[in-house]
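Engineer: If you use my numbering, the sequence shown corresponds to residues 56 to 377, in order. Here a beta-carbon is modelled for each residue, glycine too, at the ideal position from N, C-alpha and C. Right, I'll just put the structure down here and ask away after.
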Amino acid sequence: MNDTLKNQLSELEKINFKVKVTPNGYTLSYNGNESYMEYYSLMPGISLIFNHIHSKKLPAIDECSDAYNNLLLSINYCSNGICEIYTRDNNYLYISAGNLTISKEMAKNSYNYPSASYEGIEIFITDEVLKTQNSLLEEFKINISSIVDNYLSEDFSFCTESLDVLYPPFAALSELGRLKANDRSLIKLNTLLILRLLTTSFAKLYPSKKNAMTAQQIRIAKAVERIITSDLSKRIPIRELAEQSEVSETSLKNYFKGVFGENISEYLLNLRIEKAKELLISTDLSILEISENIGYENQSKFSAIFKRETGYTPLAYKKISR
């Protein structure tokens with residue numbers, strides 16, 4: 056086990072991650088198995104993590120520690136959910152499904168996931184890759200310094216929504232992570248392909264500005280989320296929410312989708328369906344009482360929407376789930 060890996064394990068244990076060493080690296084879990092990460096050491100200086108997150112926040116290693124002081128590059132791809140990243144200019148990046156970031160720095164204080172659900176891939180490259188001769192990197196004509204120069208010459212983070220030819224290898228890695236395939240050869244091959252494409256101009260990536268948000272915009276979106284989810288039986292018009300927030304309806308909609316990855320109506324619909332499932336399974340409330348509990352005055356309308364979203368009527372769902 057190299058010194059970088061030892062430092063990472065030590066720091067992660069300090070912030071209450073449970074570490075299990077594996078032949079390929081290690082698996083991390085937090086709060087039981089609610090959130091876990093699978094770490095693969097692919098070659099000297101290059102590692103990959105599959106993130107399976109089911110929490111709104113995870114602690115991050117202290118930025119002052121030496122666990123990542125030799126980091127050259129971090130490549131972060133989101134396959135599902137949304138991740139909040141704090142940037143050096145005191146703004147935030149929101150990375151949603153299909154987005155990619157390339158960065159010179161790690162998260163500060165914590166990793167934040169507004170929707171409490173996230174699946175993604177991180178590729179870490181440390182300066183060890185420059186100190187060790189690697190025949191695979193030479194064969195694939197991968198130049199880490201070129202990647203840094205191409206995407207991070209003027210900033211600490213690069214974000215894009217346009218993956219172009221990078222999508223297939225990231226999709227393949229996402230599927231391997233989802234299936235827990237543990238196929239180190241395929242993981243290494245697709246990682247090398249990504250690095251090769253980033254080395255060349257063949258990967259046509261363009262920076263995205265709309266992922267960036269200010270702290271004030273985020274505060275507004277999160278305040279509105281607390282209001283609309285505090286009582287699902289109430290339906291508050293967006294106009295009223297915008298007036299309370301002192302912004303236009305359009306701005307509010309954009310802020311909310313930027314933070315939570317869905318528009319307000321989609322977000323509430325998903326919450327209402329999940330709450331209905333919970334009540335159907337865990338209580339003896341009638342279908343009418345449940346529909347009223349989550350904001351539907353008309354039982355028939357609720358039943359139709361529930362079936363559209365789940366494939367079952369509320370009564371059928373209750374029977375098969377108990």
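Output needed for Tyr261: all residues of its chain with C-beta closer than 8 angstroms, excluding positions within five of it in sequence on either side, in chain order.
Structural biologist: Thr215 and Ser217, listed in sequence order.
Engineer: Is the distance from the Cβ of Leu335 to the Cβ of Lys277 below 9 angstroms?
Structural biologist: Their beta carbons are not under 9 angstroms apart, which means Leu335 does not touch Lys277 by this criterion.
Engineer: In three-state DSSP terms, what is Glu301?
Structural biologist: coil
Engineer: Check the C-beta distance from Phe105 over to Glu89 and give it rounded, since I have them as a contact under 8 angstroms.
Structural biologist: Going by Cβ atoms, the distance from Phe105 to Glu89 rounds to 16 angstroms, so no, they are not a contact pair.
Engineer: Since Ile180 contacts Leu247 with CB under 8 angstroms, what's their CB separation in whole angstroms?
Structural biologist: Ile180 to Leu247, Cβ: 12 angstroms. No contact.
Engineer: What's the gap between the Cα of Lys289 and the Cα of Ser376?
Structural biologist: 27 angstroms
Engineer: Write down the C-beta distance between Pro99 and Thr187 rounded to the nearest angstrom, noting that I regard them as a contact closer than 8 angstroms.
Structural biologist: 4 angstroms
Engineer: Could you compute how far the alpha carbon of Tyr166 sits from the alpha carbon of Gly366?
Structural biologist: Rounded to the nearest angstrom, the two C-alpha atoms are 34 angstroms apart.
Engineer: Which same chain residues, not among the five before or five after Ile202, have their C-beta less than 8 angstroms away from its C-beta?
Structural biologist: Apart from sequence neighbours up to five positions away, the residues of its chain that approach Ile202 with a beta-carbon distance below 8 angstroms are Leu128, Ile157, Leu250, Leu253 and Thr254, ordered along the chain.
Engineer: Would Asn353 be called buried (16 or more neighbouring beta carbons within 10 Å of its own) or exposed?
Structural biologist: exposed
Engineer: Phe361: which of Asn325, Cys138, Ala227 and Ser341 sits nearest, CA to CA?
Structural biologist: Asn325
Engineer: Smallest Cα separation from Arg294: which of Thr284, Asp286, Ser285 and Thr305?
Structural biologist: Thr305
Engineer: Drop a sphere of 10 angstroms on the beta-carbon of Leu86, count the other beta-carbons inside from all chains shown, and report buried for 16 or more, exposed for fewer.
Structural biologist: According to the sequence displayed, residue 86 carries Asn and not Leu. Burial check for Asn86: the Cβ neighbour count within 10 Å stays below 16, so the residue is exposed.
Engineer: What does the Cβ neighbour count give for Gln271, buried or exposed, with the cut at 16 atoms within 10 Å?
Structural biologist: exposed
Engineer: Would Ile176 and Gly136 qualify as a contact pair, given that the criterion is a beta-carbon distance under 9 angstroms?
Structural biologist: Note that the C-beta distance between Ile176 and Gly136 is not below 9 angstroms.
Engineer: Less than 9 angstroms separating the beta-carbons of Glu68 and Ile273?
Structural biologist: no
Engineer: Which residues mark the beginning and the end of the beta strand (DSSP E) in which Lys196 is found?
Structural biologist: Looking at the DSSP string, Lys196 is not in any beta strand (DSSP E), and its letter there is neither H nor E.
Engineer: Quick one: give me the first and last residue of the alpha helix (DSSP H) that Val220 is part of.
Structural biologist: Bounds of any alpha helix (DSSP H) do not take in Val220, whose DSSP letter is neither H nor E.
Engineer: Is the CB-CB distance between Ile283 and Tyr310 below 9 angstroms?
Structural biologist: no
Engineer: Considering only residues of the same chain and omitting the five flanking positions on each side of Tyr147, which have a CB-CB separation below 8 angstroms?
Structural biologist: Glu139, Ile140, Tyr141, Ala267, Met268, Thr269, Ala270 and Ile273
Engineer: Taking Phe195 as the reference, which of Leu228, Lys243, Ser172 and Asn237 has the closest Cα?
Structural biologist: Cα-wise, what sits closest to Phe195 is Lys243.
Engineer: Please state the DSSP three-state secondary structure of Asn154.
Structural biologist: Residue state, collapsed to three classes: coil.
Engineer: Helix, strand or coil: which one does DSSP assign to Ser376?
Structural biologist: helix
Engineer: With DSSP as the reference, label Lys235 as helix, strand or coil.
Structural biologist: coil
Engineer: Determine whether the beta carbon atoms of Gly232 and Ser134 lie at a separation below 9 angstroms.
Structural biologist: yes
Engineer: On a Cα-Cα basis, can you pick out the residue from Asn205, Tyr91 and Val76 that is closest to Lys112?
Structural biologist: Comparing Cα positions, the closest option is Tyr91.
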